[in-house]
């Protein structure tokens, strides 16, 4: 009886031990599962938080994407057989994508697409892979992949937009214009369609079609909400009206956008002053331009430059010099700063040519440098041309005369498509046959359209 009882006790004890061992084993597996799930959960959480930040401000989600990447890599390395391994690999690729490390994202997407073709994320992986190709400058490859995504309903609209946008990024303006026009026929409404309209307007403008750009902006702004971005686009439309000579439409548009945002108001005042100037109301133009405040838009530098020009044309040189001086000393970050300094020096030499302080000033050099500043600082080819012509005509004995003639040739050929550049070339050879400018001009005769240097 004693032995039987003892055996029963031993049996109960061994059963209890087996149960504990079994429980511990299952608990370890459970805890191990919890460990990799928690790691993946944190990777996903950081990723979603990064996306939320990115929507508010581009680049603000980068640190969270980095954290998500580290967690996702841990899941992929330590738990390759887990049920979340495909999700982890997808997160790795997406984190690289949003951090704009496209060289890293591309092979990750490719590995994911090859190894997890049944994943619910496969379509987005293909879409993002195509976008990453485009960001890497592989436009044709990206468009081929996007074309294959068109039939996928969830990504069809985005893929067609990205397909058109690839032409814009490639600066193939005719193809981009047609692609966005086709897109808007298919999808006339929605936020992405509004973005397509803006892109189309900018493409038309880049291609030199100001009137078509105006039409696109007009259509867009009829549908647009009253956000600051759209006020800025209204400002662009007003400026396009001004450029095209439609001053009444420009003034009407400026009234609609004035009084809300100070930086936009600064630029609006500048356009108002320009309109008054071209319409011949110099007094009103001076009044408007002189009151443009110094602000973030940088409009005051151009406004003051116009004021100085008016005073210079009126023979009020001291006033002109004071405005040029303000620009060169107070608007040093402006493209007009260097130009104003040259103009000031030229004016000072004109009104004080017999003083000791001005004796060392070379008017030809200053005029030449002014032309260079117009061309290189603000890209105003016509103003630069006028200054180059002054140098060659008023200072033919100067060392800058030949250089100025080269500048005239370069602008007429490459900026204005004016065939009279050949006549200037003949004069350059005749007057200064041994000059460096004449030798450089030889390169312009039989080339394929790419300049062999600049105007200096």
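Numbering (this note's numbering), first residue to last: 37 to 492.
Every residue, glycine too, gets a C-beta built ideally from N, C-alpha and C.
If you're wondering where the values come from, they're calculated on a predicted model, not measured in any experiment.
Exercise. Does DSSP put residue 405 in a helix, in a strand, or in coil?
Worked result: Locating residue 405 in the chain shown gives position 369, counting from the first residue. In the structure shown, residue 405 sits in a helix (DSSP, three-state: H, G or I).
Problem set entry | Opening and closing residue of the alpha helix (DSSP H) in which residue 165 lies | In the chain shown, counting from the first residue as 1, residue 165 sits at position 129. Per DSSP, residue 165 belongs to the alpha helix (DSSP H) from 158 to 171.
Problem set entry | Segment contact flag, the region 133 to 140 with the region 94 to 104, C-beta cutoff 8 Å, min 3 pairs | yes
Exercise. Under a Cβ-count criterion, where at least 16 other Cβ atoms within 10 Å of its own Cβ denotes burial, should residue 472 be classed as buried or exposed?
Worked result: By one-based count along the chain shown, residue 472 stands at place 436. Exposed: under 16 other Cβ atoms inside 10 Å.
For this session: Report the rounded CA-to-CA distance for residue 161 versus residue 269, giving the unit in angstroms.
Result: Residue mapping note: residue 161 aligns to position 125 of the chain shown, counting from 1. Residue mapping note: residue 269 aligns to position 233 of the chain shown, counting from 1. Rounded to the nearest angstrom, the two C-alpha atoms are 34 Å apart.
Exercise. Alpha carbon to alpha carbon, how far is residue 79 from residue 369?
Worked result: Taking the first residue of the chain shown as position 1, residue 79 is located at position 43. Taking the first residue of the chain shown as position 1, residue 369 is located at position 333. Rounded to the nearest angstrom, the two C-alpha atoms are 44 Å apart.
Problem set entry | Nearest residue (CA-CA) to residue 452, options 418, 226, 469 and 93 | Position 416 of the chain shown holds residue 452. Of the listed residues, the one whose Cα sits closest to residue 452 is 418.
For this session: With a cut-off of 8 Å on the beta carbons, I'd call residue 337 and residue 372 a contact; round off their distance for me.
Result: Here residue 337 is taken as the residue at index 301 of the chain shown, counted from 1. Here residue 372 is taken as the residue at index 336 of the chain shown, counted from 1. Between residue 372 and residue 337 the Cβ distance is about 4 Å, and since that is below 8 Å, they are a contact.
Problem set entry | Endpoints, the alpha helix (DSSP H) within which residue 147 is located | Position 111 of the chain shown, counting from 1, holds the residue named residue 147. Run containing residue 147: 138 to 151, per the alpha helix (DSSP H) assignment.
Exercise. Quick one: what's got a C-beta closer than 7 Å to residue 340's C-beta in the same chain, skipping five residues either side?
Worked result: Counted from its first residue, the chain shown places residue 340 at position 304. For residue 340, where only same-chain residues beyond five positions count, the Cβ hits under 7 Å are 359, 362 and 363.
Problem set entry | residue 446 - DSSP class collapsed to helix/strand/coil | The residue you call residue 446 lines up with position 410 of the chain shown. Correct three-state label for residue 446: helix.
Exercise. Residue 180 to residue 195, Cα distance in whole Å?
Worked result: Taking the chain shown and counting its residues from 1, the one referred to as residue 180 is at position 144. Taking the chain shown and counting its residues from 1, the one referred to as residue 195 is at position 159. Whole-angstrom Cα-Cα distance: 11 Å.
Problem set entry | Between the CA atoms of residue 443 and residue 425 - distance to the nearest angstrom | Here residue 425 is taken as the residue at index 389 of the chain shown, counted from 1. Here residue 443 is taken as the residue at index 407 of the chain shown, counted from 1. Spanning the two alpha carbons is a distance of roughly 9 Å.
Problem set entry | residue 135 (DSSP reduced to helix, strand or coil) | The sequence position of residue 135 within the chain shown is 99, counting from 1. Coil at residue 135, not helix or strand.
Exercise. Under 7 Å between the Cβ atoms of residue 406 and residue 378?
Worked result: Numbered from its first residue, the chain shown carries residue 406 at position 370. Numbered from its first residue, the chain shown carries residue 378 at position 342. A contact, by the Cβ cut-off of 7 Å.
Exercise. So what's residue 284 in DSSP terms, helix, strand or just coil?
Worked result: Within the chain shown, numbered from 1, the residue matching residue 284 stands at position 248. Helix at residue 284.
For this session: Pull up the distance between the alpha-carbon of residue 476 and that of residue 241, whole angstroms please.
Result: Here the question's residue 476 lines up with position 440 in the chain shown. Here the question's residue 241 lines up with position 205 in the chain shown. Roughly 33 Å separates the two Cα atoms.
Exercise. Is residue 182 closer than 7 Å to residue 199 when the C-beta atoms are compared?
Worked result: Stepping through the chain shown from its first residue, residue 199 is reached at position 163. Stepping through the chain shown from its first residue, residue 182 is reached at position 146. Yes. Within cutoff.
Problem set entry | residue 351 beta carbon less than 7 Å from that of residue 325 | To locate residue 325, count along the chain shown from 1; it is residue 289. To locate residue 351, count along the chain shown from 1; it is residue 315. For residue 325 and residue 351, no; Cβs fall outside 7 Å.
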